[in-house]
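Enquirer: The following block contains the structure, expressed as structure tokens.
4 protein chains.
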Amino acid sequence: MNVGIVGATGYTGLELVKMLVKHPRFQLAYIANSEGDTTINELHPSLSGVCEDKVEKADVDAIAKHCELVFLALPHKTAMAYVKPLIAKGVKVVDLSADYRLPLDIYEEFYCPHTDVENLSHVVYGLPELFRQELKSAKLVANPGCFPTSAILGLLPFMSKRVADTPIIIDAKTGVSGAGKKLSEVTHFVNVNDNLFAYNPLMHRHAPEIANKLGVDFEMVNFVPHLVPVTRGMLSSIYITVEGDFDAEALLREHYKNDAHVRVSSKPVDMKNVAGTNFCDIYVQKKGNLLFIASAIDNLMRGASSQAVVNANLMMGLDETMGIPDIAYVP
Amino acid sequence: MNVGIVGATGYTGLELVKMLVKHPRFQLAYIANSEGDTTINELHPSLSGVCEDKVEKADVDAIAKHCELVFLALPHKTAMAYVKPLIAKGVKVVDLSADYRLPLDIYEEFYCPHTDVENLSHVVYGLPELFRQELKSAKLVANPGCFPTSAILGLLPFMSKRVADTPIIIDAKTGVSGAGKKLSEVTHFVNVNDNLFAYNPLMHRHAPEIANKLGVDFEMVNFVPHLVPVTRGMLSSIYITVEGDFDAEALLREHYKNDAHVRVSSKPVDMKNVAGTNFCDIYVQKKGNLLFIASAIDNLMRGASSQAVVNANLMMGLDETMGIPDIAYVP
Amino acid sequence: MNVGIVGATGYTGLELVKMLVKHPRFQLAYIANSEGDTTINELHPSLSGVCEDKVEKADVDAIAKHCELVFLALPHKTAMAYVKPLIAKGVKVVDLSADYRLPLDIYEEFYCPHTDVENLSHVVYGLPELFRQELKSAKLVANPGCFPTSAILGLLPFMSKRVADTPIIIDAKTGVSGAGKKLSEVTHFVNVNDNLFAYNPLMHRHAPEIANKLGVDFEMVNFVPHLVPVTRGMLSSIYITVEGDFDAEALLREHYKNDAHVRVSSKPVDMKNVAGTNFCDIYVQKKGNLLFIASAIDNLMRGASSQAVVNANLMMGLDETMGIPDIAYVP
Amino acid sequence: MNVGIVGATGYTGLELVKMLVKHPRFQLAYIANSEGDTTINELHPSLSGVCEDKVEKADVDAIAKHCELVFLALPHKTAMAYVKPLIAKGVKVVDLSADYRLPLDIYEEFYCPHTDVENLSHVVYGLPELFRQELKSAKLVANPGCFPTSAILGLLPFMSKRVADTPIIIDAKTGVSGAGKKLSEVTHFVNVNDNLFAYNPLMHRHAPEIANKLGVDFEMVNFVPHLVPVTRGMLSSIYITVEGDFDAEALLREHYKNDAHVRVSSKPVDMKNVAGTNFCDIYVQKKGNLLFIASAIDNLMRGASSQAVVNANLMMGLDETMGIPDIAYVP
């Protein structure tokens, strides 16, 4: 099965290449970025001797000619211009941007006017633990954001125990690769090393995505991301008020007993044990009516690229674990 | 004024030496650790050419002979054996351990039987923003823990606005120096670098200290510390439910308008801007009824040694800012 | 083909497991450490859900019963006690310790008396670029040290150009995982983070291994390792005096044109592009008669475990690249 | 004595402010950058509550009006446009750029045409260990580069022992702050963290400065800088061939016995013990005819700003140690 990548320059593009060159069934038949005229190992020297394919200037006709399915690793607001003609030409799409993750009104409030309302009607949100069946017949998948993935997977098993109208608090910590390759104050080594700070507290645009998928009022979701001096990794520390007497860890294990890419841990989870993999590791601790949930993922993998390949597997009728890395970057 | 340090081997002992050799009024007349027979620059090579004083084997009579005031930078449970005879001999004591921070019953529940109940009756908790007047006449000061310092300073201005019986959530992040010089799994570079995790979630023994000093029920304090790949620094991200309509930043500024060592920031605070200083930098953001407070300190300075010297300044009738570092380790 | 690992607790043991559970032809049939009675995911939690095999207490008869070939990831001086009986029982051995890397006299000078002189006579030094043919029929392979691997691969192409009796200078930088899991001052996060220093300058015991394999006088090899705040990675910066007019990069490319695991770079090499792989990336620059060679490897992979699996591939008649990671931990 | 800083935005400007606000005799009377219209704590938030002075748009007349001496922390090639009129107006200048460090011909080969040849004739190179007497009467001081400072101080005591026409090898490691605040690929956290690489090997323009001040042929100086994942710090590992039988450490101690800011160490030196100070820590090891010298400084302090204040002290008739930090950023 021929697949392609548009947006090969960034970190998520690199992760897609790393998986697809080793995938048992997908053939990486087309790679593009906005300029073209280069090779993938020129963009990412670590691929020298491994994959030295040409990188084209992105073109819808070329994609449709070469690929049954394409991964779009493009900036928010620019992906939708590709999705519309690609779906029209019958190419399946996994879109890693935010463009199809939200209902129209919420998207337009937090991003910009949407230019492809039609495809919004049938898009499937690419979190297999929520929409596995729908993904199997999807033509367009909106790959979740990294923060929502870690937060939603941590919260899902406990939403029925939550006391209504109590705040959901998500104190998230992310590695710097989440900010992308772009140069900026917050990615300058000197500003990040030996440092740690919150940014956009209570105002980050991933909050509406979390609220929408959990089906709770946006006002209840209190989301504060922190930047930490780590290259890759994400840990969401989540606090909710619950009612009733129950064994939180048992409930967590039961909820995910059939999910290959969620691991429940009896000890607090960390970033390194999931680095380089699609695993989401989750830990829970209960004290009175308060639940502390720690949910760890690799922001570039489960938070983006490996989840995208899982979605592609499902869309193409393959086993969802096929070609998905499970060996962590440890030590 | 002659002062001494008992416990010069560790990081807080080093920080005390660094301040006291430059202090305008205190004379560092005595330095000891548990073995003696060395010099301070042998223990801490960075002091070579700066301070090369002898380090004695700790001895109560020698302390009393040389010092008006002594700093005890000793492990929990061992400090009280020094405090009792020192107070009896008329030496003022700033104790950096946990031994006198808590009421008897709480201390014995979380630590061990207390062997100096008498002095517990008159000890002053060394947080100047809470007990400045009492500190001026104190003979024995219990220097606060690092986590309680950052949490309490962040919470104090807003306790009157808090809705009763709602959880106080403190998601704290600390640098590795907080774990001390002792070798352990969690201080091994490979386990910490590019990693991040919670430890003792909801069960850390700093929680009762926070609850006790704020005057709230221990059950309401939900404290989760995280270890981060940073040498020094502490950030407490605090979430509480409040009522009423008020300007949170204005309230914060008003509360600390007379405190030289608290800085209110309109932007999220970070670890580096306070590293090496006694400042506590605080930021607040309100969203509906939820308050997010970020409180940053240097865990070894405001969280231990520089706060101890501030307390000594007050006890000896000096200006509390005398000899206290205010120039941060930036960049 | 059934293979085993003795010494599964450490970092090199973990790397072996990570490769062998994915190897197309090797079956990981036996895992042991010095205590046994555990599982591999208990020792290395990142393997949970991936490999949860039992870990036995190491036993020569059990190894011989289950394995055609065994990897020994044991401390120097203790490996030889296993090698002798294993070879006698017909088990092939890849020894990752230093025990068989050196001629008897040099080994005994730098380590201890050798208790298996017999097998020293036929051991093959496991650097495929030097001894590929011999490795194909080897029964016992001494896997090279990490520093010698990076230094020798950098120097080999240029030894014929070197001016006799001029110093060979190897300024090496290694990540902290090279010091192993053992707790020590130099692996304490606070001592390594934001720091860098040489250790055992001109006196490290890897120097005789380098001299011996290059066939030069030990006195000519000046080797200074530095510890750097990096988890995995090794860069050797090498300086030699050469004669004659030649294109150094062309010579380097020609030398390694048939070696799949050496990449020649026209830009200075770095640690990250080889992290997690068996590649050795080499760069050379000539200025007058001085040659600067930079040689980068992953200290745990090409410097230990992946090179061991390459050697096992050769010993068992397989393609040397089979099951060897080539996708780097980037970013 | 009134002094000023032009170029307050960068890291070296910040370090100058940090020292000058605490200096016993210098009054910081003027601060400027290229835009002005801001405050120093707006540029450097860590200074809030410590120094909140106005920052002016740099102007020669204003400098001359307010200052007896000025520090120029400006980019190479732009500083000389300020020096010429300032010297003409009788203002003493410590120039932290490269503009006056080299003889005319060498400067113009490596930088650009020089527009102030007149002042080149009387400039003093600001390395007190070489030119202390000349500095006392200097009107214009060229503050040395960071790499040359560490390399020259390491080499000076041994130049008389060096075998003529043998290569001087300087393998230098620098923290990222040396690259300045400017955003670039090599300062992006993701590219530096867990990584290490050489840059401009054998071709860096600090090499001619080293050769010129040591009085050796430029061809003999082989200088290779490496970028390391550290914020501040510089270690030069130096290798030279010597003749004669001598005690290298004794020679080193003798050479610097009267220099307050050089510390000789019997153990390999590191970056942290000098961080935040003006110390240069030096270690030497001899093996046959080869000398290994390790020389550590803080690149922003001894490599720039604190050396500049030492020079100013000398120019103004003060003790050279006055107001110079000697307490390291440890841990």
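Protein chains in written order, with full-length UniProt numbering: chain W, 1 to 331; chain L, 1 to 331; chain X, 1 to 331; chain V, 1 to 331.
C-beta atoms are modelled at their ideal positions from N, C-alpha and C, and glycine is treated no differently.
From W:287, W:298, W:308 and W:277, pick the residue whose C-alpha is nearest to that of residue 325 of chain W; which is it?
Expert: The residue you call residue 325 of chain W lines up with position 325 of the first sequence. Comparing Cα positions, the closest option is W:277.
Enquirer: Would you mind giving the Cβ-Cβ distance between residue 77 of chain W and residue 51 of chain W, rounded to the nearest angstrom? I have them listed as a contact below 8 Å.
Expert: As a first step, residue 77 of chain W is located in the first sequence; it is residue number 77 there, counting from the start. As a first step, residue 51 of chain W is located in the first sequence; it is residue number 51 there, counting from the start. The Cβ separation is near 29 Å, so there is no contact.
Enquirer: Closest by CA to residue 202 of chain W, which one among W:219, W:195 and W:84?
Expert: In the first sequence, the residue the question calls residue 202 of chain W occupies position 202. Checked all of W:219, W:195 and W:84; the closest Cα to residue 202 of chain W is W:219.
Enquirer: Could you name the residues of the same chain whose beta carbon sits closer than 7 Å to that of residue 281 of chain V, not counting the 5 residues immediately before and after it, in chain order?
Expert: Stepping through the fourth sequence from its first residue, residue 281 of chain V is reached at position 281. 263, 265, 269, 273, 274 and 296, listed in sequence order.
Enquirer: With 16 other CB atoms within 10 Å as the buried threshold, where does residue 24 of chain X fall?
Expert: Locating residue 24 of chain X in the third sequence gives position 24, where the first residue counts as 1. Flag for residue 24 of chain X reads exposed.
Enquirer: Taking the beta carbon of residue 237 of chain V as the centre, do at least 16 other beta carbons fall within 10 Å, making it buried, or is it exposed?
Expert: Reading the fourth sequence from its first residue, position 237 is the one you call residue 237 of chain V. Buried.
Enquirer: Considering only residues of the same chain and omitting the five flanking positions on each side of residue 221 of chain W, which have a CB-CB separation below 6 Å?
Expert: Numbered from its first residue, the first sequence carries residue 221 of chain W at position 221. So the qualifying residues of the chain are 168, 207, 210 and 211.
Enquirer: Span of the alpha helix (DSSP H) holding residue 96 of chain L?
Expert: Residue mapping note: residue 96 of chain L aligns to position 96 of the second sequence, counting from 1. Unbroken run through residue 96 of chain L: none, as it is neither H nor E.
Enquirer: Output the distance between the C-alpha atoms of residue 197 of chain L and residue 226 of chain L, rounded to the nearest integer angstrom.
Expert: For the purposes of this step, residue 197 of chain L is taken as residue 197 along the second sequence, with counting starting at 1. For the purposes of this step, residue 226 of chain L is taken as residue 226 along the second sequence, with counting starting at 1. Cα-Cα distance, rounded: 5 Å.
Enquirer: Taking all protein chains shown into account, decide if residue 307 of chain L is buried (16 or more other Cβ within 10 angstroms of its Cβ) or exposed.
Expert: The residue given as residue 307 of chain L occupies position 307 in the second sequence. So residue 307 of chain L counts as buried.
Enquirer: Using the Cα positions of residue 17 of chain X and residue 61 of chain X, report the straight-line distance between them to the nearest angstrom.
Expert: Numbered from 1 along the third sequence, position 17 holds the residue referred to as residue 17 of chain X. Numbered from 1 along the third sequence, position 61 holds the residue referred to as residue 61 of chain X. If I take the Cα positions, the gap works out to 21 Å.
Enquirer: Using 8 Å as the Cβ pair cut-off and three pairs as the minimum, do the stretch 132-144 of chain L and the stretch 300-317 of chain L touch?
Expert: Because the criterion of three Cβ pairs below 8 Å is met, the stretch 132-144 of chain L and the stretch 300-317 of chain L touch.
Enquirer: What does the alpha-carbon distance come out to for the pair residue 172 of chain W and residue 299 of chain W?
Expert: If you number the first sequence from 1, residue 172 of chain W lands on position 172. If you number the first sequence from 1, residue 299 of chain W lands on position 299. About 11 Å.
Enquirer: Could you list the residues in the stretch 151-169 of chain W with a C-beta less than 7 Å from some C-beta on chain L, going in chain order?
Expert: Listed in sequence order: 167 and 169.
Enquirer: Tell me, please, whether the CB atom of residue 108 of chain V is closer than 8 Å to any CB atom in chain X?
Expert: For the purposes of this step, residue 108 of chain V is identified with residue 108 of the fourth sequence, where counting begins at 1. Chain X, which has no Cβ nearer than 8 Å to the Cβ of residue 108 of chain V, makes this no.
Enquirer: With respect to the beta strand (DSSP E) encompassing residue 55 of chain X, which residues constitute its N-terminal and C-terminal limits?
Expert: Mapped onto the third sequence, residue 55 of chain X falls at position 55. Counting along the chain, the beta strand (DSSP E) containing residue 55 of chain X begins and ends at 54-57.
Enquirer: Let's see if you can read the secondary structure: which residues bound the alpha helix (DSSP H) around residue 206 of chain W?
Expert: Looking up residue 206 of chain W in the first sequence gives position 206. Note, residue 206 of chain W: alpha helix (DSSP H), 206-214.
Enquirer: CA-CA distance, residue 79 of chain V and residue 125 of chain W?
Expert: Along the fourth sequence, read from residue 1 onward, the residue named residue 79 of chain V stands at position 79. Along the first sequence, read from residue 1 onward, the residue named residue 125 of chain W stands at position 125. If you take the alpha carbons of residue 79 of chain V and residue 125 of chain W, they lie about 57 Å apart.
Enquirer: Between residue 230 of chain V and residue 162 of chain V, is the Cβ-Cβ spacing less than 8 Å?
Expert: As a working mapping, residue 230 of chain V is identified with position 230 in the fourth sequence. As a working mapping, residue 162 of chain V is identified with position 162 in the fourth sequence. Their beta carbons are not under 8 Å apart, which means residue 230 of chain V does not touch residue 162 of chain V by this criterion.
Enquirer: Grab me the residues of residue 101 of chain X's own chain with a C-beta within less than 6 Å of its C-beta, minus the 5 sequence neighbours each way, in chain order.
Expert: Sequence index remark: in the third sequence, residue 101 of chain X carries index 101 (1-based). Once the five neighbours on either side are set aside, the close Cβ partners of residue 101 of chain X are 142 and 209.
Enquirer: With 16 as the cutoff for other CB atoms within 10 Å, does residue 204 of chain W come out buried or exposed?
Expert: As a first step, residue 204 of chain W must be located in the first sequence, where it is residue number 204. So residue 204 of chain W counts as buried.
Enquirer: In or out: residue 177 of chain X buried (at least 16 other Cβ within 10 Å) or exposed?
Expert: In the third sequence, counting from the first residue as 1, residue 177 of chain X sits at position 177. Residue 177 of chain X is buried by the Cβ-count criterion.
Enquirer: For residue 331 of chain V, which residues in chain L fall below 8 Å Cβ to Cβ?
Expert: Indexing the fourth sequence from 1 puts residue 331 of chain V at position 331. Neighbours of residue 331 of chain V on chain L, chain order: 11, 14, 177, 231, 232 and 300.
Enquirer: Per DSSP, which one or two residues make a beta bridge with residue 164 of chain L?
Expert: Taking the first residue of the second sequence as position 1, residue 164 of chain L is located at position 164. Residue 164 of chain L is not bridged to any residue.
Enquirer: Compute the Euclidean distance between the alpha carbons of residue 267 of chain X and residue 255 of chain X, then round it to the nearest angstrom.
Expert: Mapped onto the third sequence, residue 267 of chain X falls at position 267. Mapped onto the third sequence, residue 255 of chain X falls at position 255. Each residue's Cα considered, the two are about 18 Å apart.
Enquirer: Leaving out five residues before and five after residue 84 of chain W in sequence, what residues of the same chain have Cβ atoms less than 6 Å from its Cβ?
Expert: Here the question's residue 84 of chain W lines up with position 84 in the first sequence. Counting only Cβ-Cβ distances below 6 Å, and skipping sequence neighbours, we find 116.
Enquirer: Please tell me whether residue 131 of chain X has its Cβ less than 8 Å away from any Cβ of chain L.
Expert: As a first step, residue 131 of chain X is located in the third sequence; it is residue number 131 there, counting from the start. Judged by the 8 Å Cβ criterion, residue 131 of chain X is not in contact with chain L.
Enquirer: Can you tell me the Cα-Cα spacing of residue 179 of chain L and residue 302 of chain L, whole angstroms?
Expert: Position 179 of the second sequence, counted from the first residue, corresponds to residue 179 of chain L. Position 302 of the second sequence, counted from the first residue, corresponds to residue 302 of chain L. Their Cα atoms are separated by approximately 16 Å.
Enquirer: Just list the residues that DSSP pairs residue 283 of chain X with in beta bridges.
Expert: Against the third sequence, residue 283 of chain X aligns to sequence position 283. DSSP, once it has assigned bridges, lists X:294 as partnering residue 283 of chain X.
Enquirer: Start and end of the beta strand (DSSP E) containing residue 30 of chain L?
Expert: Counting from 1 along the second sequence, the entry for residue 30 of chain L is found at position 30. That run of the beta strand (DSSP E) goes 27-33.
Enquirer: Kindly list the residues whose CB is nearer than 6 Å to the CB of residue 53 of chain L, restricted to its own chain and excluding five residues on each side of it in sequence; keep chain order.
Expert: Against the second sequence, residue 53 of chain L aligns to sequence position 53. Cβ within range, chain order: 31 and 40.
Enquirer: According to a CB-to-CB cut-off of less than 8 Å, which residues of the stretch 214-225 of chain V neighbour chain X?
Expert: So the list reads 219, 222 and 224, given in the order they occur along the chain.
Enquirer: Given this structure, state the Cα-to-Cα distance separating residue 128 of chain L from residue 250 of chain L, to the nearest angstrom.
Expert: In the second sequence, residue 128 of chain L corresponds to position 128, counting from 1. In the second sequence, residue 250 of chain L corresponds to position 250, counting from 1. Going by the C-alpha atoms only, they are around 21 Å apart.
Enquirer: Using a C-beta to C-beta distance shorter than 7 Å, which residues of chain V count as neighbours of residue 60 of chain X?
Expert: Here residue 60 of chain X refers to the residue found at position 60 when the third sequence is read from its first residue. Within 7 Å Cβ-Cβ: nothing; residue 60 of chain X doesn't reach chain V, min ~39 Å.
Enquirer: Could you check if residue 153 of chain W belongs to the surroundings of the ligand MG, using beta carbon to heavy atom distance under 7 Å?
Expert: Absence of the ligand MG is noted for the structure shown, with no ligands found whatsoever.
Enquirer: Please list the partners that residue 288 of chain W has in chain L, where partner means a Cβ-to-Cβ separation under 8 Å.
Expert: As a first step, residue 288 of chain W must be located in the first sequence, where it is residue number 288. Within 8 Å Cβ-Cβ: 219.
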